[in-house]
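S.K.: Have a look at the structure that comes next, please.
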Amino acid sequence: MGPAPEVLEKFKKKAEIVSAIVSEVDSLTQAIAYTVDLCAQKEACQLLMSGCEESLSDKGKDLCELKQWGKIIAAPGLNEADMAELVKQAASREISVIKDGLRNHLAGIDIGFTVADYGIGETGSLVLDSSSEELRIATMVSEIHVAVIPKSRIRATAEDMYAELKGYMTQKPNYLAFVTGASRTADIERVLALGVHGPLELHILILEDK
1 MGPAPEVLEK
11 FKKKAEIVSA
21 IVSEVDSLTQ
31 AIAYTVDLCA
41 QKEACQLLMS
51 GCEESLSDKG
61 KDLCELKQWG
71 KIIAAPGLNE
81 ADMAELVKQA
91 ASREISVIKD
101 GLRNHLAGID
111 IGFTVADYGI
121 GETGSLVLDS
131 SSEELRIATM
141 VSEIHVAVIP
151 KSRIRATAED
161 MYAELKGYMT
171 QKPNYLAFVT
181 GASRTADIER
191 VLALGVHGPL
201 ELHILILEDK
């Protein structure tokens with residue numbers, strides 16, 4: 001059972017206020033297609049550096065070679081069937097997919113694709129169990145974060161999911177993330193900048209429950 005219509009609309013509105021791009025999808029396959037198309041349309045991540053023309057150590061050469069990588073979608077946590085679908089669709093657009101070893105791609109992840117655990121209507125926030133380092137990297141280092149949230153997992157307030165949050169707290173170690181909009185900061189000269197401490201864009205795909 002999904003949230004009340006007013007809760008869903010408030011979630012969308014609040015998320016969009018903080019620069020999230022919100023859409024609805026009928027299936028995870030459609031969400032995957034959305035993500036692959038988004039990745040195909042963007043420019044590939046590039047590590048900006050100078051001095052690659054100089055005589056470098058092996059590690060320095062490896063860093064310079066990062067500039068030659070193609071586009072990458074990181075999707076930790078997907079089940080085998082959904083991962084196979086993502087790999088198939090991405091391959092048709094010459095996009096690579098990774099699910100682990102994200103530490104080796106810190107300078108070149110185009111999109112992090114995740115399934116959120118809950119949504120909070122009053123703030124337009126996503127809640128993700130980020131105990132996995134791979135998931136933390138995917139949601140923080142990628143240029144774009146695409147998060148799928150099942151409609152039935154959207155709550156009106158954080159207080160409405162007290163029991164669920166308490167359950168997470170009993171798991172040790174625990175790393176629960178609340179994501180509200182794209183990364184932003186204005187601590188330097190009070191000029192708002194997006195993507196300094198995380199993704200430049202957050203796309204939220206509300207999944208219709210079957």
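Counting from 1, one number per residue, gives the positions in the sequence shown under our numbering.
Ideal Cβ placement from N, Cα and C applies to all residues, glycine included.
So which of 2, 11, 204 has the shortest CA-CA distance to residue 157?
M.R.: To locate residue 157, count along the sequence shown from 1; it is residue 157. Of the candidates 2, 11, 204, the one whose C-alpha sits nearest the C-alpha of residue 157 is 11.
S.K.: Please work out which residues of its chain come closer than 6 Å, Cβ to Cβ, to residue 137, disregarding the five sequence neighbours upstream and downstream, and give them in chain order.
M.R.: Numbered from its first residue, the sequence shown carries residue 137 at position 137. These residues qualify, in order along the chain: 102.
S.K.: Please go through the segment 93-161 and give each complete alpha helix (DSSP H) segment of 4 or more residues, from N-terminal end onward.
M.R.: 133-140
S.K.: Going along the chain, which residues of its own chain have a beta-carbon closer than 7 Å to the beta-carbon of residue 100, five neighbours each way excluded?
M.R.: As a first step, residue 100 must be located in the sequence shown, where it is residue number 100. Hits under 7 Å: 76, 134.
S.K.: Could you spell out where the beta strand (DSSP E) holding residue 43 opens and where it closes?
M.R.: Locating residue 43 in the sequence shown gives position 43, where the first residue counts as 1. Taken as a continuous stretch (DSSP letters only), residue 43 belongs to no beta strand (DSSP E), as it is neither H nor E.
S.K.: Please confirm whether residue 118 and residue 155 have their CB atoms less than 8 Å apart.
M.R.: Working through the sequence shown from its first residue, we reach residue 118 at position 118. Working through the sequence shown from its first residue, we reach residue 155 at position 155. Yes, the pair counts as a contact, with Cβ atoms nearer than the cut-off.
S.K.: If the criterion is Cβ atoms closer than 8 Å, does the pair residue 148 and residue 116 meet it?
M.R.: Numbered from its first residue, the sequence shown carries residue 148 at position 148. Numbered from its first residue, the sequence shown carries residue 116 at position 116. Against a cut-off of 8 Å, the Cβ pair of residue 116 and residue 148 comes out as a contact.
S.K.: Go to residue 177, then tell me how far its beta strand (DSSP E) extends in each direction, as first and last residue.
M.R.: On the sequence shown, residue 177 is found 177 positions in, with the first residue counted as 1. That run of the beta strand (DSSP E) goes 176-179.
S.K.: Does residue 114 pass the burial test, meaning 16 or more other C-beta atoms within 10 Å, or should it be called exposed?
M.R.: For this step, residue 114 is matched to residue 114 along the sequence shown. When all chains shown are included, residue 114 counts as buried.
S.K.: Should residue 161 go down as buried or exposed, given a rule of 16 or more other Cβ atoms within 10 Å for buried?
M.R.: Taking the first residue of the sequence shown as position 1, residue 161 is located at position 161. Its Cβ being crowded by 16 or more others within 10 Å, residue 161 is buried.
S.K.: Taking DSSP as the reference, what is the three-state secondary structure of residue 67?
M.R.: Taking the sequence shown and counting its residues from 1, the one referred to as residue 67 is at position 67. Because residue 67 carries a pLDDT of 47, less than 50, the predicted location of this residue cannot be relied on, and the following value inherits that uncertainty. Looking at residue 67 - three-state DSSP - the assignment turns out to be helix.
S.K.: Helix, strand or coil for residue 15 per DSSP?
M.R.: Residue numbering aside, residue 15 sits at position 15 when the sequence shown is read from its first letter. In this structure, residue 15 counts as helix in the three-state DSSP scheme.
S.K.: For the alpha helix (DSSP H) that residue 90 lies in, which residues bound it at each end?
M.R.: Indexing the sequence shown from 1 puts residue 90 at position 90. For residue 90, the enclosing alpha helix (DSSP H) stretches over residues 80-91.
S.K.: By a C-beta neighbour count over all protein chains shown, 10 Å radius and 16 as the cutoff for buried, is residue 181 buried or exposed?
M.R.: Along the sequence shown, one-based indexing puts residue 181 at 181. Residue 181 comes out buried.
S.K.: With burial defined as no fewer than 16 other Cβ atoms inside 10 Å of the residue's Cβ, what is the status of residue 71: buried or exposed?
M.R.: As a working note, residue 71 is residue 71 in the sequence shown. Buried, by the Cβ-count rule.
S.K.: Report the option in 179, 169, 173, 152 whose CA atom is closest to the CA atom of residue 140.
M.R.: Here residue 140 is taken as the residue at index 140 of the sequence shown, counted from 1. When only C-alpha atoms are compared, the closest one is 179.
S.K.: Can you find the residues in the same chain that come closer than 7 Å, C-beta to C-beta, to residue 28, ignoring five residues on each side of it along the sequence?
M.R.: Locating residue 28 in the sequence shown gives position 28, counting from the first residue. Sequence-distant partners of residue 28 (beyond 5 residues in either direction) whose C-beta falls short of 7 Å from its own C-beta, in its chain, are 82, 148, 207.
S.K.: Tell me which residue opens and which closes the beta strand (DSSP E) that residue 4 is part of.
M.R.: For the purposes of this step, residue 4 is taken as residue 4 along the sequence shown, with counting starting at 1. From DSSP, residue 4 is part of no beta strand (DSSP E); its letter is neither H nor E.
S.K.: So, at 8 Å on beta carbons, what are the nonlocal neighbours of residue 86 in its own chain, with the 5 sequence-adjacent residues on each side left out?
M.R.: Position 86 of the sequence shown, counted from the start, is the residue given in the question as residue 86. Correct list, in chain order: 32, 35, 36, 73, 75, 78, 97, 113.
S.K.: List the whole-angstrom C-beta distance separating residue 20 from residue 202, where the pair is believed to meet the contact cut-off of C-beta under 8 Å.
M.R.: Your numbering for residue 20 matches position 20 in the sequence shown. Your numbering for residue 202 matches position 202 in the sequence shown. Rounded, the Cβ-Cβ distance is 5 Å, consistent with contact.
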